[in-house]
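Q:
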Amino acid sequence: MRFDRSSGILLHPTSLPGPHGSGDFGPAAYRFVDWLAEAGQKRWQILPLAPLGPGNSPYMSSSAFAGNLLLIDLGELQQRGWLDAADLAPAAGLDERAVNWAAVFPYRSDRLARAALHFGARASAADRAELSAFEAAHADWLPDYTLFMALAEHLGWRDWCEWPDGLATREPAALATARAEHAGRIAFWTFCQWCFFRQWAALRAYANRCGVRIVGDMPIFIAYQSAEAWSRPDLFELDDQRRPRVVAGVPPDLFSATGQRWGNPLYRWPAHASEGYAWWIERLRRSVEMVDIVRIDHFRGFAGYWEIPAHEPTAVNGRWVAGPGPALFQALADALGAMPIIAEDLGVITPDVDALRKAFDLPGMRILQFAWGEGQGAERRFLPHNFEPDTVAYTGSHDNDTTVGWWATAPEAVRHHLREYLACDGHSVHWDLIRAACASVADTAIYPLQDVLGLDGSHRMNFPGKGDGNWAWRFGWDQVPPDTAQRLRRMAQLYERL
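Per my numbering, the very first residue in the sequence shown carries number 1; after that it's consecutive.
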């Protein structure tokens with residue numbers, strides 16, 4: 001699918017400013033949309049909106065369908081009468097420039113619990129009807145998710161395969177008893193999902209009215225400790241004890257000499273095929289309901305994926321295994337029609353990956369940081385003169401260092417190649433790459449906000465292979481120079497992206 005010529009900014013909502021320890025769907029999100037519109041940017045790309053998993057990663061989620069409750073705007077809950085002003089008082093440990101996850105989780109969870117309690121006592125008939133309508137609209141996944149979360153919480157977050165009394169094996173009588181015993185917490189998790197989806201729908205509608213389309217992110221994998229692995233173990237490669245037999249990752253590469261062992265369970269693709277890929281059809285359908293364009297993470301895994309024995313501590317001793325290939329995407333196309341998808345085709349890309357992407361007319365990604373250094377391992381496909389129109393050009397992604405940080409440690413051969421190619425001195429290398437992406441033939445150009453602001457490597461979002469310290473970056477409006485919006489708008493105008 002070809003997209004209209006446009007540009008935009010990569011920023012996850014948790015990175016927004018705000019008083020409650022992490023960015024959310026509150027006033028700062030609406031102000032950011034206004035800023036995008038002022039800057040002539042027609043895309044807002046985000047990371048997955050799913051609940052966070054180990055390492056606070058949005059790519060290791062406890063559900064393929066649920067939303068991250070930390071993104072709920074607490075101020076809106078106060079406006080509805082479900083929180084009091086005192087509930088929103090600042091708490092120790094909350095940071096304006098970084099997400100202190102250890103403090104944010106209990107702070108926000110406690111406030112959401114208070115709001116759910118007050119909702120039960122104060123909600124209007126219209127509010128209750130709206131919640132009931134939400135439950136009906138999401139009945140295919142919500143009951144399993146809310147029960148899973150209530151049980152996981154009650155059982156100390158032990159792996160679900162260790163749950164007692166028929167819960168791991170989902171015996172109907174055990175599930176019925178659990179639903180009755182944990183009805184209060186099930187109601188809490190349901191309330192949180194309703195708030196999340198309600199607030200997100202309002203923010204997305206506002207963005208669309210301002211001419212901004214949301215580029216979402218759908219991870220290829222989910223966590224083992226997830227509602228779907230528990231409710232549909234037959235769809236995952238698990239052993240007789242219901243533990244992962246093999247796990248996901250990527251082989252050794254430029255990011256890591258031992259590869260990346262992500263640890264997600266892999267799919268049992270024949271089981272998905274026997275159901276006509278119904279689980280995937282529903283997953284993509286729900287994703288498209290939430291955003292305007294879906295970036296599918298690790299697209300190459302659908303052609304072939306790196307399978308690592310679960311007992312291996314690194315990704316070195318893995319092997320390539322064929323993925324579902326065209327059969328999956330044909331089933332998706334037959335069920336959903338033209339798909340507004342961006343294929344994340346980074347890493348080890350073989351001809352079958354390109355063939356799969358092109359067969360279904362899916363634009364790929366090109367990262368400018370990977371383009372430089374003749375004879376130094378640079379990839380020619382990332383040089384702007386090799387771009388194709390059905391491409392999304394990036395200065396860097398959430399997995400890259402910021403452009404300023406990358407430039408500070410780049411070898412001289414890389415620096416020389418970039419300076420010569422772009423006819424620049426590299427003193428404002430972040431703007432040099434922004435201009436190169438914007439001027440290219442790629443239909444879409446995306447810039448991480450860190451690059452627009454010229455921030456160094458201490459502001460990067462994620463360091464692949466590093467287990468801790470990721471996903472925490474936040475910005476403040478005082479970091480945004482007053483002429484930045486007009487500079488971006490003029491560039492979009494020059495290169496016909498308005």
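Even for Gly, the Cβ is constructed at its ideal location relative to N, Cα and C. All values derive from a computational prediction rather than experimental measurement.
Along the chain, where does the beta strand (DSSP E) that runs through Q450 open and close?
A: Residue 450 sits at position 450 when you count from the first residue of the sequence shown. Unbroken run through Q450 is the alpha helix (DSSP H), 449-452; no beta strand (DSSP E).
Q: Does the segment 281-293 come into contact with the segment 207-223, if we say contact requires no fewer than three beta-carbon pairs (one atom in each stretch) closer than 8 Å?
A: Contact holds: three or more Cβ-Cβ distances are below 8 Å.
Q: Taking the alpha-carbon of Y305 as reference, which of I349, S287, G93 has the nearest alpha-carbon?
A: Along the sequence shown, read from residue 1 onward, the residue named residue 305 stands at position 305. Per the Cα distances, I349.
Q: In three-state terms, what does DSSP make of A480?
A: As a first step, residue 480 must be located in the sequence shown, where it is residue number 480. With the sequence shown as reference, residue 480 is identified as Val, and Ala is not the correct amino acid for it. V480 falls in the coil class under three-state DSSP.
Q: To which residues does DSSP link I446 through a beta bridge?
A: Start at 1 with the first residue of the sequence shown, and residue 446 comes out as number 446. Looking at the DSSP assignment, I446 forms a beta bridge with G8, Y394.
Q: Is it right to say S15 is buried, meaning 16 or more other beta carbons lie within 10 angstroms of its own, or is it exposed?
A: Numbered from its first residue, the sequence shown carries residue 15 at position 15. The residue is buried, with at least 16 neighbouring Cβ atoms inside 10 Å.
Q: Answer yes or no: do A436 and P389 have a C-beta to C-beta separation smaller than 7 Å?
A: Indexing the sequence shown from 1 puts residue 436 at position 436. Indexing the sequence shown from 1 puts residue 389 at position 389. Taking 7 Å as the Cβ cut-off, A436 and P389 do not qualify as a contacting pair.
Q: For E374 and G426, I'd like the C-alpha separation in whole angstroms.
A: Position 374 of the sequence shown, counting from 1, holds the residue named residue 374. Position 426 of the sequence shown, counting from 1, holds the residue named residue 426. Their backbone Cα atoms lie some 17 Å apart in a straight line.
Q: To the nearest angstrom, how far is it from the Cα of Y145 to the Cα of V452?
A: What you label residue 145 is simply residue 145 of the sequence shown in a count that begins at 1. What you label residue 452 is simply residue 452 of the sequence shown in a count that begins at 1. Rounded to the nearest angstrom, the two C-alpha atoms are 38 Å apart.
Q: Quick check: Q450 and N400, are their CB atoms within less than 7 Å of each other?
A: Residue numbering aside, residue 450 sits at position 450 when the sequence shown is read from its first letter. Residue numbering aside, residue 400 sits at position 400 when the sequence shown is read from its first letter. Not in contact: Q450 and N400 (Cβ atoms no closer than 7 Å).
Q: Assuming R489 and G8 make a contact with CB atoms under 8 Å, what is their CB distance in whole Å?
A: Locating residue 489 in the sequence shown gives position 489, counting from the first residue. Locating residue 8 in the sequence shown gives position 8, counting from the first residue. About 13 Å; that fails the 8 Å criterion.
Q: Can you check whether the CB of A91 is closer than 7 Å to the CB of Y107?
A: Stepping through the sequence shown from its first residue, residue 107 is reached at position 107. Stepping through the sequence shown from its first residue, residue 91 is reached at position 91. Yes; because the gap between Cβ atoms is below 7 Å, this pair is in contact.
Q: Taking the CB atoms as reference points, tell me whether M218 and S287 lie closer together than 7 Å.
A: Residue numbering aside, residue 218 sits at position 218 when the sequence shown is read from its first letter. Residue numbering aside, residue 287 sits at position 287 when the sequence shown is read from its first letter. Yes.
Q: Please name the residue, chosen from L131, G396, E130, G465, that lies closest to E344 on a Cα-to-Cα basis.
A: Counting from one through the sequence shown, the residue named residue 344 turns up at place 344. Out of L131, G396, E130, G465, G396 has the C-alpha closest to the C-alpha of E344.
Q: Assign T403 to buried or exposed, taking buried as 16 or more other Cβ atoms, counted over all protein chains shown, within 10 Å of its Cβ.
A: Translated into positions along the sequence shown, residue 403 becomes position 403. Result: buried.
Q: List the whole-angstrom C-beta distance separating L52 from W44, where the pair is believed to meet the contact cut-off of C-beta under 8 Å.
A: Locating residue 52 in the sequence shown gives position 52, counting from the first residue. Locating residue 44 in the sequence shown gives position 44, counting from the first residue. Between W44 and L52 the Cβ distance is about 20 Å, and since that is not below 8 Å, they are no contact.
Q: On the DSSP letters alone, give me the boundaries of the alpha helix (DSSP H) that Y30 sits inside.
A: Position 30 of the sequence shown holds residue 30. Unbroken alpha helix (DSSP H) run through Y30: 27-38.
Q: Taking the C-alpha atoms as reference points, what is the distance between M339 and F197?
A: Counting from 1 along the sequence shown, the entry for residue 339 is found at position 339. Counting from 1 along the sequence shown, the entry for residue 197 is found at position 197. Taking the straight line from one Cα to the other gives about 22 Å.
Q: Would you call the CB atoms of G337 and I220 closer than 7 Å?
A: Position 337 of the sequence shown holds residue 337. Position 220 of the sequence shown holds residue 220. Not a contact, by the Cβ cut-off of 7 Å.
Q: To the nearest whole angstrom, what separates the beta carbons of A423 and G457, a pair I think is in contact under 8 Å?
A: As a position in the sequence shown, residue 423 is number 423, starting the count at 1. As a position in the sequence shown, residue 457 is number 457, starting the count at 1. The pair is not a contact, with the Cβ atoms about 26 Å apart (cut-off 8 Å).
Q: According to DSSP, which residues form a beta bridge with W473?
A: By 1-based counting over the sequence shown, the position of residue 473 is 473. According to DSSP, which records beta bridges pairwise, W473 is partnered with A98.
Q: Hey, could you find the ends of the beta strand (DSSP E) N208 is sitting in?
A: The count along the sequence shown starts at 1 and reaches residue 208 at position 208. N208 -> not in any beta strand (DSSP E); alpha helix (DSSP H) instead, spanning 183-209.
Q: Please confirm if the segment 348-364 is in contact with the segment 320-329, defined as three or more CB-CB distances below 8 Å between the two stretches.
A: Segments in contact, yes.
Q: Is the CB-CB distance between L74 and H154 below 7 Å?
A: Within the sequence shown, the letter at position 74 stands for residue 74. Within the sequence shown, the letter at position 154 stands for residue 154. No, Cβ-Cβ distance for L74 and H154 is not below 7 Å.
Q: Starting from R261, follow its DSSP beta bridges and name the residues at the other end.
A: For this step, residue 261 is matched to residue 261 along the sequence shown. According to DSSP, R261 bridges with G249.
Q: To which residues does DSSP link L238 through a beta bridge?
A: Residue numbering aside, residue 238 sits at position 238 when the sequence shown is read from its first letter. Answer is P244.
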